[in-house]
Amino acid sequence: MSEYSGIKMGKLKLKGEKRKKHKKSKSEKSEDKSESKVDFEDATLHGEWFLVQKPEQITGSICIEFGPHQYVRALDNGLLILGAPHSPGEGPDQEEIFVAIRASSNQFALKTGYNKYLSVDGRHRVVGHSDAVGEKEQFDPVFQDGKLAIMGPNQCFLSIDEDNDELPYLISHNTKATSNEMVKLRTNINPELTRIERLKSQIPDEEKGSLRDCEINYVRKYQSFQDKKMRLNSDSTDTLQKAKGKGKLHEELLDRRSKMKSDKFCK
Numbered sequence: 001m002s003e004y005s006g007i008k009m010g011k012l013k014l015k016g017e018k019r020k021k022h023k024k025s026k027s028e029k030s031e032d033k034s035e036s037k038v039d040f041e042d043a044t045l046h047g048e049w050f051l052v053q054k055p056e057q058i059t060g061s062i063c064i065e066f067g068p069h070q071y072v073r074a075l076d077n078g079l080l081i082l083g084a085p086h087s088p089g090e091g092p093d094q095e096e097i098f099v100a101i102r103a104s105s106n107q108f109a110l111k112t113g114y115n116k117y118l119s120v121d122g123r124h125r126v127v128g129h130s131d132a133v134g135e136k137e138q139f140d141p142v143f144q145d146g147k148l149a150i151m152g153p154n155q156c157f158l159s160i161d162e163d164n165d166e167l168p169y170l171i172s173h174n175t176k177a178t179s180n181e182m183v184k185l186r187t188n189i190n191p192e193l194t195r196i197e198r199l200k201s202q203i204p205d206e207e208k209g210s211l212r213d214c215e216i217n218y219v220r221k222y223q224s225f226q227d228k229k230m231r232l233n234s235d236s237t238d239t240l241q242k243a244k245g246k247g248k249l250h251e252e253l254l255d256r257r258s259k260m261k262s263d264k265f266c267k
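In terms of the UniProt record's numbering, the sequence shown opens at residue 1 and continues consecutively.
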């Protein structure tokens, strides 16, 4: 069986629901930018698989949870069923892990471990038979009020066929998202580590290292001496530490350089 990996996603629009447009307040905008709280206890109970709370998290390996500790499982005949419950602390089996691939700005495709892409057949069953991604292999993730439903290419929402006498197949049948269509996606990528890495990548090279290193880097960058000899402020870096805490590190660094007349932008 081949390895699994990657994806991304959208917003939950229930059928028949009219949504009012409104301008976001400053507080709402700031909330949008804030990071969702990571539930590490929940992740531990699911074998270190983290609950997807927003589209950006859907990258890497993905599993689909329709019941407590129960994940959608790919069969070798191309059909998909709801797997048996796992014990708390266990993650999904290999057959329950899919590769999510971005198909468009709002849609994604899912590939099984058998290298087949998911689509929906004429009986509304979700099947893994396709060798490539087309319109019939694209799904819409729909987020709303902390919940998620997934719309199939036939404009119906995914759910488990509880009425089937054989197996609990994954289907795309209802045009309205009810409680039966609510699903949880999980990723094995820790969103907190992803956030930290993203913040680190935003730090300028000059500011990496200690505050003294930071000051040296900026003196080198902006020094105005012809002889290229570095002239550093001999004062303690305590003032830099205080300025950093107030969000005024760059002003303090400039002030220290100006005292040494070492900045080409200082008169």
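Glycine residues also receive a C-beta, built at the ideal position from the N, C-alpha and C atoms.
Quiz item: Can you list the alpha helix (DSSP H) stretches of 4 or more residues lying completely in the region 139-202, in chain order?
Solution: 191-201
Self-check item: Paired residues, beta bridge with residue 111 - DSSP
Solution: 99 and 117
Quiz prompt | residue 257 (DSSP reduced to helix, strand or coil) | solution = helix
Quiz prompt | DSSP state of residue 62 mapped onto helix, strand, coil | solution = strand
Self-check item: Contacts around residue 92, its chain only, beta-carbon distance under 6 Å, and the 5 residues preceding and following it disregarded
Solution: 63 and 71
Quiz item: Is the Cβ-Cβ distance between residue 99 and residue 149 less than 8 Å?
Solution: no
Quiz prompt | Residue interval of the alpha helix (DSSP H) (run including residue 241) | solution = 238-245
Self-check item: Supposed contact pair residue 154 and residue 172 - C-beta distance, whole angstroms, cut 8 Å
Solution: 6 Å
Practice problem: Find the nearest neighbour of residue 126 within the set 144, 90, 174 and 104, judged by alpha-carbon distance. | Solution: 174
Quiz prompt | Residues that DSSP places opposite residue 50 in a beta bridge | solution = 187
Self-check item: CA-to-CA distance, residue 108 to residue 235, given in whole angstroms
Solution: 56 Å
Quiz item: residue 85: buried (16+ other C-beta within 10 angstroms of its C-beta) or exposed?
Solution: exposed
Exercise. State buried or exposed for residue 257, treating a residue as buried only when at least 16 other CB atoms are found within 10 Å of its CB.
Key: buried
Quiz item: When DSSP builds the beta bridges, which residues end up paired with residue 67?
Solution: 70
Exercise. Quick one: using the 10 Å Cβ neighbour count with 16 as the cut-off for buried, is residue 112 buried or exposed?
Key: buried
Practice problem: Find the nearest neighbour of residue 77 within the set 118, 186 and 90, judged by alpha-carbon distance. | Solution: 118
Exercise. Per DSSP, which residues does residue 80 bridge with? Please list them.
Key: 74
Quiz item: Can residue 74 and residue 95 be called in contact, C-beta distance under 8 Å?
Solution: yes
Quiz item: Does the Cβ-Cβ distance between residue 138 and residue 177 come in under 8 Å?
Solution: no
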